[in-house]
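Read in order, the letters of the sequence shown correspond to residues 698 to 1313 in this note's numbering.
Below is one structure; the comments refer to it alone.
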Amino acid sequence: MCGIVGYIGKQKAVSILLEGLKRLEYRGYDSAGLAIQQDGKLCISRKTGRVEQLVKETAKLHYTGTAGISHTRWATHGGVTEANAHPHLSSDGKLVLVHNGVIENFAAIKHFLQGKDYTFRSETDTEVLCNLIAYHYAKEPESNAQSRFLESVRKTLLHIEGTYGIAVMCVDRPNEIVAARKGSPLLLGVGDGEYLLASDASALISHTRNVVYLKDGELVHVTPETFAITTLDQADVPPVVDRITWSIADAELNGFAHFMEKEIFEQPAALENAMRGRFSADGSTANFGGLNLAATDFRQIDRFVFCSCGTAWHACLVAEHLIERFARVPVEVDYASEFRYRNAPLDRDALFFFISQSGETIDTLAAMREAKRKGYKVMAICNVVGSSIAREADGGIYQHAGPEIGVASTKAFTSQLLISALFALYVARLRDMSFSDGVNYVQGLKAAPELVRKTLEQAPHIKEIAQRYAQYHDCLFLGRLSLFPIALEGALKLKEISYIHAEGYPAAEMKHGPIALVNEQCPSVFFVPKGELFNKIVSSMQEIKARKGKIIAIVTEGCELPDGLADEVIPIPDCHEAILPIIATVPVQLLSYYIAVARHCDVDKPRNLAKSVTVE
Ligand code: F6R
């Protein structure tokens, strides 16, 4: 949510900032802006709308400065206006700042600053932060020219409640940028005679793969020659330079129309990556390098608690089903945002898992900290290496799905399902699952990439179906057992990218209320896998048909539905039960995607949304 890019070096900053902003646009697209240090001035350009508007604006201005900061905004405080767009300039014109996060005590600070004659041009919390830095800067002795700028940022941050990733420039210090973070991600890219700052690696990877992940409470002072990291209480922090393993091509469209489409088709590879090196030598169970908990400790666990948000929460529901079904250990699933505040009674020997693609979702991070505070061990399943959730967990499992840029999560979700299936196997084999059932399960998991590839071959057929259903206003998604979470996920995908009202339900629950919605104008997507509930689901379909509801059925290949019951049939390959949720997800991703395209929606940047939700 909100993207920051900074640059300092020998090259013209403007094009590097704009390229970075385009890559971070998925984090917010209400407005964009940049500030360049040039000819002893801070030059600022801001535009509402997409980064493209800023590109047009700055093309006229021929900026040549070699240091700058920039921002793409997802509005929190104040509407989508140019005045509220970042960067914000202090009222004395000395300091300029971009910010990702929320300053909770901004009203009190604003009141204080207004008493000192600082003026405000926007409704944002960020402008308050910028002016507070200006206030401290003005108070620092001028003799202290070397550190005056850095110290004024540090002093300001000591008074800030809330979250921030910031980059700041000072007109008096043209060769310096100061950046800091608490609760919002920020990376320093270490180049050859140049440094970049960014909210995530995709914005800097075309310049360098060497990065330093800043931690909460750290500030970095950057010049074209060097950088130094310190804490808010002035302790030096030795930098740890990590190497990004993916390449710029992974963050590009490579011929696909949208990142969502590309990421749907990348799922076979993402699943392979999630499994790589994670099977035992005897092929009967899973191995994890990073859980930091012995097998004997896992045997003591009375209950697993899974917490997350959005799509990742749906992955938790699948994990619940798989762990309870195969390992017979009780699992509780909670929304991270609710867990944090509801003070649930917990088992003594519970183990927590937090699933998060970005590893930065603030609700999930806060819930994790709450569980830790209560003395529980916490595990993370994350895609983004070095993210806050990954770093703060006691152990975890990386997804290795590669960068996910489309706002609607796709490949990260199915990769989370695969890891959940691996984990369920691991726990099951520590308990009652036999060697041969373990071997059979492993074979089932290994088939996932190929079966997803096969399901993706349905894309042209699903695209045709999508054309027929693109103009409806409502849709139900109905599934049972492990496919109930996939019904929720299908409904979420459809509503977030096509703005069609959709709801997911356990198929049999439909008659307890949602069936009131059904008529010719409200189609239902049914998951109809082979198995013991097949006939029950067919009965639910009959009830919909009797009320003239159209039916799209996602059916295991070879299973026969009564003639005329489904209006559309999407076959999926037969598979092991542990990967059924993965296979069944693919058709609903494609259906939502093609419906959104048919409705001319901006698939990768749905309205009001942004990826990586770093505000509460
Ligand atoms: C929906 C979607 C969101 C995220 C949620 C959690 O398509 O992407 O619902 O799943 O915001 O994000 P992460 O996984 O980054 O914690």
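A virtual CB, placed ideally from N, CA and C, is assigned to each residue, including glycine.
If the criterion is Cβ atoms closer than 8 Å, does the pair residue i and residue j meet it?
i	j	result
Leu1115	Leu1142	yes
Leu1014	Ala1121	no
Ala1033	Ala1064	yes
Ile1249	Glu1265	yes
His955	Asp727	no
Ala895	Val702	yes
Val748	Ala729	yes
Ala1087	Met698	no
Asp939	Tyr910	yes
Ser981	Gly1135	yes
Leu826	His796	yes
Ser1195	Ile1292	yes
Phe985	Arg975	yes
Ile1059	Thr860	yes
Cys1108	Gln931	Inspection of the sequence shows that residue 1108 is occupied by Lys rather than by Cys. No, these two residues do not count as a Cβ contact at 8 Å.
Glu854	Ala877	The sequence given here has Leu at residue 854, not Glu. Yes. Within cutoff.
Pro784	Val793	yes
Tyr760	Gln735	yes
Ala1199	Lys1192	yes
Gly725	Thr769	yes
Leu916	Arg851	yes
Leu901	Gly717	yes
Pro1100	Ala948	yes
With distances taken from CA atoms, which of the options is nearest residue i?
i	options	result
Thr1282	Ala842, Ala1188, Ala971	Ala1188
Ile1234	Ala1263, Gly980, Gly1255, Cys1219	Ala1263
Ala842	Val825, Pro871, Ser819, Cys827	Pro871
Phe846	Cys867, Glu858, Thr1152	Cys867
Glu820	Ala978, Glu779, Phe924, Glu839	Glu779
Glu1067	Val1081, Phe1050, Arg878, Val1082	Phe1050
Thr1008	Gly974, Ile926, Lys1190	Lys1190
Gly1092	Leu1178, Pro1100, His918, Ile1078	Ile1078
Arg1045	Lys1074, Pro1226, Arg906, Cys1256	Lys1074
Ser1112	Ala1156, Ala1047, Ala1012, Arg1177	Ala1012
Thr1152	Asp789, Cys1272, Ala764, Val887	Cys1272
Arg1244	Ile1267, Ile1269, Met1207	Met1207
Gly762	Glu873, Ala804, Gly862	Glu873
Asp818	Gly798, Glu949, Ala782	As written in the sequence, residue 818 is Arg, which differs from the Asp given in the question. Residue Ala782 is the option with its Cα nearest to Arg818.
Arg1180	Pro1203, Glu1193, Gly790	Reading off the sequence, residue 1180 comes out as Leu, not Arg. Minimum Cα distance to Leu1180 is reached at Pro1203.
Leu968	Tyr1095, Lys1071, Asp999	Tyr1095
Asn1232	Pro1220, Asn1216, Cys1256, Cys1219	Cys1256
Phe1023	Arg1150, Arg720, Val1285, Val1124	Val1124
Glu1240	Asn951, Leu1258, Leu1230, Val1215	Val1215
Ser1084	His774, Ile1052, Lys1071, Gly765	Ile1052
Quick one: grab the DSSP three-state call for residue i.
i	result
Asp822	helix
Pro1203	strand
Thr1111	helix
Ser840	helix
Met698	coil
Gly746	coil
Arg1128	coil
Pro1303	coil
Ala876	strand
Thr773	coil
Ser892	The question names Ser, yet the displayed sequence has Tyr at residue 892. If DSSP states are grouped into helix, strand and coil, Tyr892 belongs with the strands.
Phe1314	Absent from the structure is residue 1314, since the part of the chain shown begins at 698 and ends at 1313.
Ile902	coil
Asp947	helix
Phe817	coil
Cys1013	helix
Pro1268	strand
His759	coil
His856	coil
Asn797	strand
Asp933	strand
Leu1258	coil
Residue i and residue j look like a contact to me (Cβ under 8 Å); what is the Cβ gap, rounded to whole Å?
i	j	result
Cys1172	Ile1197	6 Å
Arg1025	Asp1129	7 Å
Ser849	Glu837	5 Å
Val1225	Phe1174	12 Å between Cβ atoms; not a contact.
Ala1275	Tyr1138	6 Å
Leu714	Leu786	Not a contact, Cβ separation roughly 17 Å.
Gly914	Pro882	At roughly 14 Å, the Cβ-Cβ gap does not stay under 8 Å, so Gly914 and Pro882 are not in contact.
Tyr834	Lys791	6 Å
Glu1017	Val1028	4 Å
With hydrogens ignored, establish whether the beta-carbon of residue i is closer than 7 Å to any heavy atom of the ligand HEM.
i	result
Val1310	This structure does not include the ligand HEM; its bound ligands are the ligand F6R.
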